[in-house]
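Q:
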Amino acid sequence: VYLGQSIGLIESIETVSDIVNSIVEGAEKCLTNAFSTIKKAPVEPLIIE
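With the sequence shown counted from 1, adding 34 to any position gets you the working numbering.
Here it is as C-alpha cells:
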C-alpha cells in the first residue's frame with residue numbers, strides 16, 4: 035500500500051493517553067450495561083444452629 039493511499043485513511047492523530055482513556059471509558063460503559071441487565075437472585079439468610 036502506498037503512502038498516499040494510506041494517509042487518506044487517517045482521520046485524527048491521538049495521544050496514547052487519549053486512546054487508553056477511550057478504551058477504558060468504552061469498557062466501563064460495557065460493564066455498566068452488562069451488570070445492569072443481571073437480575074439479582076433472592077438470597078435466603080443462612081441459619082446455623
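Ideal Cβ placement from N, Cα and C applies to all residues, glycine included.
The structure presented is a predicted model; accordingly, all values stated were derived computationally and were not measured.
If we cut at 8 Å on Cβ distances, does residue 71 have a partner in chain D?
A: Although the question refers to chain D, the structure presented lacks it and comprises just one protein chain.
Q: In whole angstroms, what separates the C-alpha of residue 68 from that of residue 36?
A: For the purposes of this step, residue 68 is identified with residue 34 of the sequence shown, where counting begins at 1. For the purposes of this step, residue 36 is identified with residue 2 of the sequence shown, where counting begins at 1. Their Cα atoms are separated by approximately 42 Å.
Q: Ends of the alpha helix (DSSP H) at residue 62?
A: What you label residue 62 is simply residue 28 of the sequence shown in a count that begins at 1. Run containing residue 62: 50 to 71, per the alpha helix (DSSP H) assignment.
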